[in-house]
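A.B. asks: Residue numbers (the working numbering), protein chains in the order written: chain A, 1 to 269; chain B, 1001 to 1615.
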Amino acid sequence: MRTLARDPKIVIGGILTLLIVLLAVLGPLFAPHGEYEVVGRPFTGEGSFLGTDYLGQDVWSRVLYGGQSVLITAVLATALGVVIGGLLGVTAAYAGGWLEEILMRTNDVFLALPQILVTLLVLSAVHEPAAWIIVLLVGLTHVPRVARVARGVALPYVTQDFVLSAEALGESRARIVIAELGPNLVVPMLAETGLRLTYSIGMVAAIGFLGFSSDVGAADWGQMTNENRLALLVQPWAVLAPVLIIALFTIGTNLIADGLGSRAAKGAE
Amino acid sequence: MSTVDAAAAAADEAAVAQTVGLRVELTRSGIDVVDDLNLDLYPGHILGLVGESGSGKTTAGTALLGYARTGATIAGGRITVAGHDIRSLSPARVRSIRGVTIGYVPQDPNSALNPAIRIGDQLRELLDQHRIGTPAERTARIAEIMPAVGLPGDPAFLRRYPHQLSGGQVQRVALAMVFLPRPQVLVLDEPTTGLDVTTQAMVLSSLKELCADFSVAALYVTHDLAVVATIADRVAVMYAGRLVEMGPTQELFRAPAHPYTRALLQSIPHLHRPYRLTGIPGRTPSPGNRPSGCRFNDRCELAEDACRAEEPQPVAVKTDHWSRCRRTDALGPWDPDSRAGQDTDPDRERSVVLTVTDLNIFHGRNQVVHDVSFDLAAPEVVALVGESGSGKTTISRAVAGLHTQRTGSLHLQTDPTGEPAELARSARNRTAAQRQAVQYIFQNPYQSLNPRRTVEQILVRPLEIFGIASGRAARERAAELLDSVQLGEGLLRLRTNRLSGGERQRVAIARALACRPRVLVCDEVTSALDVSIQGSITELLTRIKNKHGIGMLFVTHDLALVRTIADRVLVLNRGRVVESGLVAQVLDHPRDPYTQSLIAHTPTLTGAFDASGSA
Chain A
1 MRTLARDPKI VIGGILTLLI VLLAVLGPLF APHGEYEVVG RPFTGEGSFL GTDYLGQDVW
61 SRVLYGGQSV LITAVLATAL GVVIGGLLGV TAAYAGGWLE EILMRTNDVF LALPQILVTL
121 LVLSAVHEPA AWIIVLLVGL THVPRVARVA RGVALPYVTQ DFVLSAEALG ESRARIVIAE
181 LGPNLVVPML AETGLRLTYS IGMVAAIGFL GFSSDVGAAD WGQMTNENRL ALLVQPWAVL
241 APVLIIALFT IGTNLIADGL GSRAAKGAE
Chain B
1001 MSTVDAAAAA ADEAAVAQTV GLRVELTRSG IDVVDDLNLD LYPGHILGLV GESGSGKTTA
1061 GTALLGYART GATIAGGRIT VAGHDIRSLS PARVRSIRGV TIGYVPQDPN SALNPAIRIG
1121 DQLRELLDQH RIGTPAERTA RIAEIMPAVG LPGDPAFLRR YPHQLSGGQV QRVALAMVFL
1181 PRPQVLVLDE PTTGLDVTTQ AMVLSSLKEL CADFSVAALY VTHDLAVVAT IADRVAVMYA
1241 GRLVEMGPTQ ELFRAPAHPY TRALLQSIPH LHRPYRLTGI PGRTPSPGNR PSGCRFNDRC
1301 ELAEDACRAE EPQPVAVKTD HWSRCRRTDA LGPWDPDSRA GQDTDPDRER SVVLTVTDLN
1361 IFHGRNQVVH DVSFDLAAPE VVALVGESGS GKTTISRAVA GLHTQRTGSL HLQTDPTGEP
1421 AELARSARNR TAAQRQAVQY IFQNPYQSLN PRRTVEQILV RPLEIFGIAS GRAARERAAE
1481 LLDSVQLGEG LLRLRTNRLS GGERQRVAIA RALACRPRVL VCDEVTSALD VSIQGSITEL
1541 LTRIKNKHGI GMLFVTHDLA LVRTIADRVL VLNRGRVVES GLVAQVLDHP RDPYTQSLIA
1601 HTPTLTGAFD ASGSA
C-alpha cells in the first residue's frame, strides 16, 4: 500500500476522485440555495457565482445537489458489471474446453453491440425508468467487456501448479475460482474497474442528457447539461459546470486505473 | 600469498584474457555485486566458474565482455582481452570486439537465433556484418565450421529454419555462430542447462574439441559441479561475489580447500555410490546483505571471530591452487567416502501400497505412455527416470489423478490394514481418504504455492478439508509441520512470494505431510533449486519417508540423484519402461542400451579423474 502513495498517477487521480466524491456527498449540506429554489430570472448572473439555469434555479446549488444520483448509479453499475463479468471470465478461463468456447463466443456476440445503443433501446420502451433499471442496463452492458479482460488476466494463473494442487486436494471448482484464483486477480481487475467506472459515469450522464430520467426536474449532472444547452452561449456555466466536474472525475478514475494497470503489469514480471 | 602472485605472474604472458581486481557494483547504491575478481584465461583451456544463484557468476562472465546489466556498472579493476584494455576503449570499439574477438553463448540458444531466418543465412550474415573474408572464404568457413560442431554442412541443412532443428542442434548452431569469427576468448553461460543428458554430453564434447582445435580460451559459467568436472581444465568457485577457491580441476575436486567448496561437494549426489547428502544451512546472501569479513562466515562450521572481523586473503594450497579461507589448515583431509551410504538390501520385506497395472496414457490422440506396470511399497522410493518426453511426469500425474486420459488400473491401500481399492481417473472422483493418501509435490515451487496466500493458510487448508484439525488446533499443527521441514514458526504469517525457492519447496513438502499421505509423488522436486538446497531437500525427504513410512514415487532426470535417494528405479524411454529393478543393479549393471547410454553420458565428478587417463 505504501508504494501506491509514491505513484504520481495514483496520487493525483486519487485526489481528484476524492474531491469530486466529497463534493457530491457533502455538497447538499453546503448548498447556498435549495435544489428547486427559484432565485432569479432564467439564464442570468443572479443567484450565486455560477448564475441561474433555465428555470431561474441556482446553478451552483444544483451542481452540489446533482452529483449523488450520478455517482451512486455509476458505482453500482460498475460493481454489477465487474462482479458478473469477472466471474464469467475467470470461470471460462478455468473451465477451458467447450464451456470456455460457448461462454466466450457468446460474449463476443454481445461485445459487438454498442453499449449506448442497447441501453437506449431498452430505455426508450420504459417510461420514466426506475434508477435500478439504469443500474442494471449500464452494469450488464459492461459484462462482455469485463469478461474478456478477466479471462485474459486469469489465463496465466489457471495453468499454474497451485491450481492443480488445489484440485488434487479435492477443492470445489467454485472455491478454486473464488479463493485460489480470485486474490491473484484483484490488482489487475481493479485497474479494469477504474476504467469501467469512467465509462459508467459517462453513460449515466449521457442517459441523463438524453432525457431518460427517473425523476425529471431533479438536479442531475447529466440532465443539467440537457436542460441548459439552449443557452450555452448566453449562460455557459449552467452547462459547463456539470460537464467539467464529470470530466475531472473521469480523468481521476482513469489515472488511478492507469496507475494500477501499470503496477499490475510490473508485478506480473 | 606470494606463491599465488608468482604463479599468476608466470602465467601472465600466456593469458589471452584477464581480469584484475574487477569490481561490479549497483549503480545506485554502490553495493558490490562482484569484487576483487582475478581470472586468467589461457588459449585452448577452459576455466569453469561455479556458483549458486546470487553468487555473481553471470555478472562476472558478462563483465569480461565489458558489459554490465542495467542498474550495474563496472566500477574498478582491469579487463584485458587479446591485448585490448576493455575499460579504456570507446563503446563502439568494445562492440566491434564483441562477437569477433570475444564470443558469448547464452543459456537459451533460441534467443541467439532469429526464428524467421534460415540458419545458413544467419551464419553468413554474421560474417558479412563483421566484413570477415571474401564471399568465397565466407562460404568455405561455414562449410568448415558445421562438421566441427557435429552438424551436417550440406545446403539442405543450411536452408532450415531454427524451429526445424532439435534442441541440441540449435545449441550447436549457436556454437557454430560463436566459433565462426574465430574468437580468441569465449564466455559460455550455462549453455547446456535444460538439455537432456545425452545431448548435453555431445555438446560438451564438441565444445571441448573446438576450444582445443581453435585455441580458444573459454570461461564456462555454471552451477553444475559435475559438468565442470567433465569439461574444465581449471575451476574457480564463486560465493557471494568473491572467488573463494581456484585450482586445477582434478586437484580441486580431490582436495577441496575451502569450506564452501566442500559443502557444495557434500550436497551433490554421485552416480556410482549412494551418499548421504547434506545441504548448506541458510541461503546465499544477496548483494547488500552479505556479512562482513569472510562472506561465508555465517554458514561455516569453522568460522571464528577473526573470520567475521576481516576479509581473508587467498592462501596458496599448492602451486596454482588457492583458497580464500584463513582456516584452510584446520579443514583436515577430504574423504568423500566417509559419507557413503548403503544400497538397498535386495531381500528386504516390502508391504505394497500402490500397484500400477498396464498403464496407458494419452494426450488427445497421442499415446504418450505404453503398458507401464510397477508397484510401490512403504517405506520405499521408486524412481521414474527418463529424458524430457519420456512420460515420467505424465505417469506421476495420472497416479495423483491430475491426468485423466488413461487406461489400466491403479490400486491403492489407503490404510495399512485395509484392502487395496481401485483409484478413479480424476482426483475429484476419488474418495477423500484416497485423495488424502496420495500427495503430489510439484517441480516448481514458484508455481505450486498460491502467491496471494500465507504459509499458514496454505498449511491449514488440507487439515480442514480432510477433517484432521481445525481452528486453533490446525494453526498449532501448521507450526509443527513447519518445524518438521526445518522452518521457523515466523514464516506462518508470510505470503509465499517472500520466501526463497528452498523455503517454498519445504512449505510444499509440509503441505503434503499435513495430509499424512501413504504415497508421496515428487515430480523433479529439486531441479528448480540450487545445488546446496537440493542436498538438504533430499536429506529431508529421506528422513520423512523413514519416519512416516511413506512410499515415494520420485520423478527425476538425474541418475546420480536416483542412486542417493531411491530403492528401485524404472528407466523410461518414449513412454515405455526399458529397464527396472534395484537401483544398484540397474546403475552398476545396466542391460538396456538406452540405460547404458544415459549412464555413460551423465556427467560425474569422477569424470575429472577418468578424463585424465582416457579422454
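C-beta: ideal position from N, C-alpha, C; glycine also. Everything numeric in this text was worked out from a predicted model, so none of it was measured.
Just by C-beta distance, which residues in the stretch 1513 to 1544 of chain B are closer than 8 Å to chain A?
C.D. replies: Listed by position along the chain: Cys1515.
A.B. asks: Considering only residues of the same chain and omitting the five flanking positions on each side of B:Asp1567, which have a CB-CB separation below 6 Å?
C.D. replies: As a working note, residue 1567 of chain B is residue 567 in the second sequence. Contacts found: Thr1344, Glu1380 and Val1381.
A.B. asks: Quick one: what's got a C-beta closer than 6 Å to B:Val1227's C-beta in the same chain, skipping five residues either side?
C.D. replies: For the purposes of this step, residue 1227 of chain B is taken as the residue at position 227 of the second sequence. Contacts found: Pro1603.
A.B. asks: Between which two residues does the alpha helix (DSSP H) harbouring A:Tyr65 extend?
C.D. replies: One-based indexing of the first sequence puts residue 65 of chain A at position 65. Unbroken alpha helix (DSSP H) run through A:Tyr65: Val59 to Tyr65.
A.B. asks: Is any non-hydrogen atom of the ligand ZN found closer than 6 Å to the C-beta of B:Pro1603, if you look at the structure I gave you?
C.D. replies: Because no ligand of any kind appears in the structure shown, any question about the ligand ZN cannot be addressed here.
A.B. asks: In the DSSP assignment, find the beta strand (DSSP E) that holds B:Ile1102 and state where it starts and stops.
C.D. replies: One-based indexing of the second sequence puts residue 1102 of chain B at position 102. Counting along the chain, the beta strand (DSSP E) containing B:Ile1102 begins and ends at Ile1102 to Val1105.
A.B. asks: Under a CB-based cut-off of 7 Å, is A:Phe162 close to chain B?
C.D. replies: Taking the first residue of the first sequence as position 1, residue 162 of chain A is located at position 162. Chain B contact via Cβ: present.
A.B. asks: For B:Ser1580, which of helix, strand or coil comes out of DSSP?
C.D. replies: In the second sequence, counting from the first residue as 1, residue 1580 of chain B sits at position 580. If DSSP states are grouped into helix, strand and coil, B:Ser1580 belongs with the strands.
A.B. asks: Could you check what DSSP says for B:Cys1616 in three-state terms: helix, strand or coil?
C.D. replies: Because chain B here runs from 1001 to 1615, residue 1616 of chain B falls outside it and cannot be looked at.
A.B. asks: Going by C-alpha to C-alpha distance, which of B:Asn1038, B:Val1385 and B:Thr1062 sits closest to B:Val1577?
C.D. replies: In the second sequence, counting from the first residue as 1, residue 1577 of chain B sits at position 577. For B:Val1577, the nearest C-alpha among the options comes from B:Val1385.
A.B. asks: Measure the CB-CB distance between A:Pro144 and A:Leu185 and report whether it falls below 7 Å.
C.D. replies: Stepping through the first sequence from its first residue, residue 144 of chain A is reached at position 144. Stepping through the first sequence from its first residue, residue 185 of chain A is reached at position 185. No, the Cβ-Cβ distance between A:Pro144 and A:Leu185 is not below 7 Å.
A.B. asks: From the beta carbon of B:Ser1448, is the nearest beta carbon of chain A less than 7 Å away?
C.D. replies: Walking along the second sequence from the start, residue 1448 of chain B turns up at place 448. Yes, B:Ser1448 counts as interfacial toward chain A.
A.B. asks: What are the start and end residues of the alpha helix (DSSP H) that includes B:Gln1443?
C.D. replies: On the second sequence, position 443 is the one that residue 1443 of chain B refers to. Counting along the chain, B:Gln1443 falls outside any alpha helix (DSSP H), and DSSP gives it neither H nor E.
A.B. asks: How about the stretch 1410 to 1423 of chain B and the stretch 128 to 135 of chain A: do they share at least three Cβ pairs that are nearer than 8 Å?
C.D. replies: No, they do not touch.
A.B. asks: Is DSSP giving B:Thr1284 helix, strand or coil here?
C.D. replies: As a working note, residue 1284 of chain B is residue 284 in the second sequence. In the structure shown, B:Thr1284 sits in coil (DSSP, three-state: anything other than H, G, I, E or B).
A.B. asks: Relative to the C-alpha of B:Thr1073, which residue among B:Ile1119, B:Arg1327, B:Gly1030 and B:Gln1129 is closest?
C.D. replies: To locate residue 1073 of chain B, count along the second sequence from 1; it is residue 73. Checking every option, the nearest Cα to that of B:Thr1073 belongs to B:Gly1030.
A.B. asks: So B:Ile1079 packs on B:Thr1139, CB below 8 Å; how close in whole Å?
C.D. replies: Taking the second sequence and counting its residues from 1, the one referred to as residue 1079 of chain B is at position 79. Taking the second sequence and counting its residues from 1, the one referred to as residue 1139 of chain B is at position 139. So it is not a contact: roughly 35 Å between Cβ atoms.
A.B. asks: Checking 7 Å against the spacing of the C-beta atoms, do B:Asp1040 and B:Ala1015 come in under that value?
C.D. replies: Locating residue 1040 of chain B in the second sequence gives position 40, counting from the first residue. Locating residue 1015 of chain B in the second sequence gives position 15, counting from the first residue. Result yes, Cβ atoms of B:Asp1040 and B:Ala1015 sit closer than 7 Å.
A.B. asks: Using a C-beta to C-beta distance shorter than 9 Å, which residues of chain B count as neighbours of A:Glu180?
C.D. replies: Locating residue 180 of chain A in the first sequence gives position 180, where the first residue counts as 1. Under the 9 Å cutoff, chain B gives Asn1450, Arg1452 and Arg1453.
A.B. asks: Can you confirm whether A:Leu169, when its beta carbon is compared against all beta carbons of chain B, has any partner nearer than 7 Å?
C.D. replies: Sequence index remark: in the first sequence, residue 169 of chain A carries index 169 (1-based). Interface residue, yes.
A.B. asks: Output the distance between the C-alpha atoms of B:Gln1122 and B:Asp1128, rounded to the nearest integer angstrom.
C.D. replies: For this step, residue 1122 of chain B is matched to residue 122 along the second sequence. For this step, residue 1128 of chain B is matched to residue 128 along the second sequence. In a straight line, the C-alpha of B:Gln1122 is about 10 Å away from that of B:Asp1128.
A.B. asks: If we cut at 7 Å on Cβ distances, does B:Arg1234 have a partner in chain A?
C.D. replies: Walking along the second sequence from the start, residue 1234 of chain B turns up at place 234. No, no contact with chain A.
A.B. asks: Strictly under 7 Å for the Cβ-Cβ distance: is A:Asn228 near chain B by that measure?
C.D. replies: The residue you call residue 228 of chain A lines up with position 228 of the first sequence. So, not an interface residue.
A.B. asks: By Cβ distance below 7 Å, which residues in the same chain neighbour B:Arg1182 in space, the five residues on each side in sequence not counted?
C.D. replies: Numbered from 1 along the second sequence, position 182 holds the residue referred to as residue 1182 of chain B. Hits under 7 Å: Phe1214.
A.B. asks: Please compile the residues from chain A whose C-beta is within a distance smaller than 8 Å of the C-beta of B:Leu1402.
C.D. replies: Within the second sequence, numbered from 1, the residue matching residue 1402 of chain B stands at position 402. Near B:Leu1402 (Cβ distances below 8 Å), the residues of chain A are Leu164, Glu167 and Ala168.
A.B. asks: Would you decide whether B:Gln1200 is buried or exposed? Buried here means 16 or more other CB atoms lie within 10 Å of its CB.
C.D. replies: Along the second sequence, one-based indexing puts residue 1200 of chain B at 200. It is buried - the Cβ of B:Gln1200 has at least 16 other Cβ atoms within 10 Å.
A.B. asks: Which runs of the alpha helix (DSSP H), 4 residues or longer, sit entirely within the stretch 70 to 125 of chain A?
C.D. replies: 97 to 111 and 115 to 123, all fully within the stretch 70 to 125 of chain A.
A.B. asks: Mapping DSSP to helix, strand and coil, what is B:Glu1456?
C.D. replies: Here the question's residue 1456 of chain B lines up with position 456 in the second sequence. DSSP places B:Glu1456 in helix when its eight states are reduced to three.
A.B. asks: Check for me: the alpha helix (DSSP H) holding B:Phe1253 runs from which residue to which?
C.D. replies: Residue numbering aside, residue 1253 of chain B sits at position 253 when the second sequence is read from its first letter. It spans Thr1249 to Arg1254 - the alpha helix (DSSP H) in which B:Phe1253 sits, taken as one unbroken run.
A.B. asks: Compute the Euclidean distance between the alpha carbons of A:Gly259 and A:Glu192, then round it to the nearest angstrom.
C.D. replies: For the purposes of this step, residue 259 of chain A is taken as residue 259 along the first sequence, with counting starting at 1. For the purposes of this step, residue 192 of chain A is taken as residue 192 along the first sequence, with counting starting at 1. Rounded to whole angstroms, A:Gly259 to A:Glu192 spans 11 Å at the Cα level.
A.B. asks: Given a cut-off of 7 Å on the beta-carbon distance, is the pair B:Tyr1150 and B:Ser1206 in contact?
C.D. replies: As a first step, residue 1150 of chain B must be located in the second sequence, where it is residue number 150. As a first step, residue 1206 of chain B must be located in the second sequence, where it is residue number 206. Residue identity check: residue 1150 of chain B is Gly in the sequence provided, not Tyr. The answer is yes: Cβ separation under 7 Å.
A.B. asks: Anyone know if the C-beta pair for B:Pro1462 and B:Ala1514 falls short of 7 Å?
C.D. replies: Translated into the one-based positions of the second sequence, residue 1462 of chain B becomes position 462. Translated into the one-based positions of the second sequence, residue 1514 of chain B becomes position 514. Taking 7 Å as the Cβ cut-off, B:Pro1462 and B:Ala1514 qualify as a contacting pair.
A.B. asks: Quick one: what does DSSP say B:Val1203 is sitting in, helix, strand or coil?
C.D. replies: Your numbering for residue 1203 of chain B matches position 203 in the second sequence. B:Val1203: helix per DSSP, three-state reduction.
A.B. asks: For a cutoff of 7 Å on Cβ pairs, would you count B:Ala1478 as touching chain A?
C.D. replies: The residue you call residue 1478 of chain B lines up with position 478 of the second sequence. Cβ-Cβ to chain A under 7 Å: no for B:Ala1478.
A.B. asks: Give, in chain order, every unbroken run of the beta strand (DSSP E) that is at least 3 residues long and sits entirely within the stretch 1055 to 1116 of chain B.
C.D. replies: Fully enclosed beta strand (DSSP E) runs of 3 or longer: 1072 to 1081 and 1102 to 1105.
A.B. asks: Go ahead and pull the three-state DSSP assignment for B:Thr1393.
C.D. replies: Your numbering for residue 1393 of chain B matches position 393 in the second sequence. Three-state result, B:Thr1393: helix.
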